[in-house]
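Trainee: To convert, note that position 155 of the sequence shown is 155 in the UniProt record's numbering; the numbers rise steadily by one, no gaps. Ideal Cβ placement from N, Cα and C applies to all residues, glycine included. Bear in mind the structure is a predicted one, so any value in this text is a computation, not a measurement.
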Amino acid sequence: MAELCDLQVHINGQQTFYLHEKTISRFSGKLRKIIKKEKRKTQIRKTGIEINGFPGGSDGFELFSRFCYNNGEINISVSNVSLLHCCAVFLAMNDTLLPKTTEVFNRMFDWSITDVIVCLKNCAPFITYADSSGIIEKLISTLIIKITQNSDSTILFPSSSSSSSPDSTVKSSTLLRLSSCSSSKGLWWFDDMAILPPAIIERFVKALGAYGIENNSLVVTRFLLHYLKTSSQSKTQSFSKCDYGGLADTAVHGVILMGKTAFSCRGLFWVLRIVSGFGLSRECRGGLERLIGGVLDQAKVDDLLVSNNGSSGVYDVNLVLRLIRESNKVEGGCLDRMKKVGGLIDKYLGEIAPDQNLKISKFLGVAESLPDCARDCFDGVYKAIDIYLESHPCLSLEERSRLCRCLNYEKLSLEACKDLAKNPRIPPRVAVQALVSQHSNIPSAYTSDHNDYSYVNDHDHDTPLTKSSRELMVLYNNNDAKDHLHYDSAENTSKSSSRYDHKDVDPDGVVKLNLQKMQWRVVELEKVCREMKGQMSKMVKGDRIMVSSSSHGRPLPRLC
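Have a look at this one:
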């Protein structure tokens with residue numbers, strides 16, 4: 001046994017092989033030189049020899065050992081030809097194994113496209129050696145030719161240009177050919193190439209002359225997006241996300257170049273979701289977000305719900321803030337477009353409000369990111385605030401008041417204002433401000449919806465309609481807003497409003513008391529609304545109705 005295994009070979013520090021020295025060195029002149037050199041230094045029988053940087057590691061050396069023990073014979077296939085070729089080059093087996101592997105590669109044009117892809121895939125563990133020996137370049141050139149040959153029509157390479165290299169031929173004509181095969185039948189190779197590692201795909205795209213900022217091909221862009229999506233969903237992927245960074249940048253460059261002509265708003269969000277998981281550069285991310293911001297008015301709320309990979313919340317709120325910022329920069333943006341974005345953001349606020357990890361500053365950042373003119377009504381913002389308060393019951397009074405600062409009380413509907421007044425989660429002072437602002441809007445809101453009619457108070461000819469409305473008017477003294485709130489009516493305007501002395505009464509208690517009175521008034525308001533509807537049906541006769549007026553009259557408030 002000692003005579004059969006008289007040599008120890010340590011490969012790449014991974015594994016030790018016990019071999020017969022004469023058998024293993026018979027087919028490799030380089031190995032014979034290594035053994036002689038080690039014999040001069042030390043006792044080789046005890047320590048063995050060390051070989052580092054062997055192609056394929058222990059797998060490659062095992063194939064070489066089988067070739068030697070089988071008297072220079074081995075079954076060469078598309079699965080092992082690349083590794084055997086690299087081992088033959090490394091060990092300088094110029095007269096034994098190398099001619100056999102070279103002969104197999106010379107017949108690669110007879111391979112199927114599946115054989116070429118499998119051979120490329122097997123080069124991944126020793127891609128540096130395969131690249132330096134020229135195997136990768138030959139295989140990729142063959143792969144491109146196979147793709148074009150098996151597409152809808154054949155590609156015609158210039159046969160008269162003998163000086164043209166295969167690379168120049170591929171780059172000049174293949175992209176044009178691939179672009180013409182945009183149907184699903186012409187893109188059959190997408191799935192076949194999805195098994196290749198990112199380093200091989202990079203070399204494939206570079207061979208097409210479409211890598212990085214040079215990518216102006218829609219087909220290459222679609223292929224890369226398909227490849228990245230498939231890789232992100234693979235459970236057996238052994239490569240890091242950073243390995244795909246160059247491919248992600250190349251895909252985004254193509255998307256930015258094609259822009260709105262090739263991708264819809266939803267399609268752009270689909271691209272963003274795919275490339276966000278990889279090492280995308282800041283420049284490419286900014287360009288893609290700028291493109292999406294320009295069509296943000298076409299988005300749906302589901303498009304904005306991009307998951308957050310960090311720990312600061314369920315959704316990527318920072319992304320939406322950047323998209324809104326880009327949308328606001330769009331030149332010549334009309335008001336209708338801005339209002340569409342405003343409605344979209346209000347719905348988005350309602351979706352993110354239940355997130356327990358969403359900070360008030362983030363919520364306010366989204367709510368206040370649009371100008372006031374982007375919203376005709378703030379009911380959506382109020383609903384989102386209510387959801388946030390319900391989902392965050394431990395907020396202090398100061399935090400709840402801060403949250404409500406994004407509301408424009410004058411743009412709240414009457415129903416929303418009544419709900420706000422009854423809402424126990426809303427701070428009392430906020431409810432007071434909202435009701436006072438609503439009071440100033442009631443007359444204008446009423447007349448705007450009834451501009452064909454003229455309603456005027458007549459103190460000398462009170463009707464049930466005008467009398468009931470005046471009884472429900474809420475008057476607010478701006479100078480004493482923090483101290484008191486009083487109610488007045490047309491029948492007792494001479495009476496002074498009740499005031500509270502802060503020396504004897506707690507101001508917060510006064511505000512709560514007045515708020516309860518106002519809530520009771522709201523209930524009474526709903527009752528009177530029903531009475532007014534019945535009264536108005538009796539008064540309306542003909543196409544136009546006029547109510548007698550006096551110099552002291554004013555338009556009736558819109559009560560329902």
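With distances taken between CB atoms, is the gap from residue 279 to residue 241 smaller than 7 Å?
Mentor: Yes. Within cutoff.
Trainee: Does residue 451 come out as helix, strand or coil in the three-state DSSP assignment?
Mentor: With a pLDDT of 42 at residue 451, under the threshold of 50, the predicted position of this residue should be treated as unreliable, and no value is reported.
Trainee: Going by the DSSP bridge assignment, what does residue 516 pair with across the sheet?
Mentor: According to DSSP, residue 516 bridges with nothing at all.
Trainee: In angstroms with no decimal places, state the Cα-to-Cα distance between residue 264 and residue 323.
Mentor: Going from the Cα of residue 264 to the Cα of residue 323 covers about 16 Å.
Trainee: Going along the chain, which residues of its own chain have a beta-carbon closer than 7 Å to the beta-carbon of residue 320, five neighbours each way excluded?
Mentor: If we look at residue 320 and ignore the five residues flanking it on each side, its Cβ neighbours are 304, 348 and 366.
Trainee: What residue ranges within the stretch 227 to 287 form continuous alpha helix (DSSP H) runs of no fewer than 4 residues, ordered along the chain?
Mentor: If we require 4 residues or more, the alpha helix (DSSP H) runs fully inside the stretch 227 to 287 come out as 245 to 258 and 265 to 275.
Trainee: For residue 49, report the span of its beta strand (DSSP E) as first-last.
Mentor: Residue 49 -> beta strand (DSSP E) spans 49 to 51.
Trainee: Where do the ends of the beta strand (DSSP E) carrying residue 67 lie?
Mentor: Per DSSP, residue 67 belongs to no beta strand (DSSP E); it is in the alpha helix (DSSP H), 57 to 69.
Trainee: With distance defined between alpha-carbon atoms, name the residue in 394, 391 and 383 nearest to residue 404.
Mentor: That would be 383, whose Cα lies nearest to the Cα of residue 404.
Trainee: Can you tell me whether residue 520 is buried or exposed? The criterion is at least 16 other CB atoms within 10 Å of its CB, across all chains shown.
Mentor: So residue 520 ends up on the exposed side.
Trainee: Can you tell me whether residue 14 is helix, strand or coil according to DSSP?
Mentor: Residue state, collapsed to three classes: coil.
Trainee: Please classify residue 72 as buried or exposed, where buried requires at least 16 neighbouring CB atoms within 10 angstroms.
Mentor: Counting Cβ neighbours within 10 Å, residue 72 comes out exposed, since fewer than 16 surround it.
Trainee: Do residue 68 and residue 129 come within 7 Å of each other at the CB atom, strictly closer than that value?
Mentor: No, these two residues do not count as a Cβ contact at 7 Å.
Trainee: Quick check on DSSP: helix, strand or coil for residue 77?
Mentor: In this structure, residue 77 counts as coil in the three-state DSSP scheme.
Trainee: Mind checking who residue 307 pairs with in its DSSP beta bridge?
Mentor: Answer is 315, bridged to residue 307.
Trainee: Is the stretch 104 to 113 touching the stretch 47 to 65, taking contact as three or more C-beta pairs under 8 Å?
Mentor: Contact fails: fewer than three Cβ-Cβ distances are below 8 Å.
Trainee: Per DSSP, residue 9 forms a beta bridge with which residues?
Mentor: DSSP output for residue 9 lists 17 and 49 as bridge partner(s).
Trainee: Return the first residue and the last residue of the alpha helix (DSSP H) that residue 387 is part of.
Mentor: Here the alpha helix (DSSP H) through residue 387 covers 379 to 391.
Trainee: Let me check understanding here. Comparing Cα to Cα, which of 266, 271, 262 and 259 lies closest to residue 232?
Mentor: Nearest option by C-alpha distance: 271.
Trainee: Ordered along the chain, which non-local residues of its own chain (more than five positions away) have a Cβ less than 6 Å from that of residue 189?
Mentor: For residue 189, where only same-chain residues beyond five positions count, the Cβ hits under 6 Å are 147.
Trainee: Note down, in chain order, each residue of its chain lying with its Cβ closer than 6 Å to the Cβ of residue 467, except the 5 sequence neighbours on either side.
Mentor: Low confidence applies to residue 467: its pLDDT is 40, below 50, so where it sits in the model is not reliable, and the reading given next is rough at best. For residue 467, where only same-chain residues beyond five positions count, there are no Cβ hits under 6 Å.
Trainee: Between the Cα of residue 106 and those of 81, 215 and 362, spot the shortest distance and give me the residue it belongs to.
Mentor: Residue 81 is the option with its Cα nearest to residue 106.
Trainee: Per the contact definition of three or more C-beta pairs closer than 8 Å, is the stretch 408 to 417 in contact with the stretch 384 to 400?
Mentor: The stretch 384 to 400, when compared against the stretch 408 to 417, does not touch it at the 8 Å Cβ threshold.
Trainee: Could you tell me if residue 149 is buried or exposed, where buried requires 16 or more neighbouring beta carbons within 10 angstroms of its beta carbon?
Mentor: Under this definition residue 149 is an exposed residue.
Trainee: Please say whether residue 252 and residue 296 have beta carbons closer to each other than 7 Å?
Mentor: Contact: no.
Trainee: To the nearest angstrom, how far is it from the Cα of residue 393 to the Cα of residue 354?
Mentor: Those two C-alpha atoms are separated by around 11 Å.
Trainee: Can you give me the C-alpha to C-alpha distance between residue 331 and residue 422, rounded to a whole angstrom?
Mentor: Their backbone Cα atoms lie some 43 Å apart in a straight line.
Trainee: Which of helix, strand or coil does DSSP assign to residue 329?
Mentor: In the structure shown, residue 329 sits in coil (DSSP, three-state: anything other than H, G, I, E or B).
Trainee: Since residue 116 and residue 79 should fall inside the 8 Å C-beta cutoff, what is the C-beta to C-beta distance between them, to a whole number of angstroms?
Mentor: Not a contact, Cβ separation roughly 12 Å.
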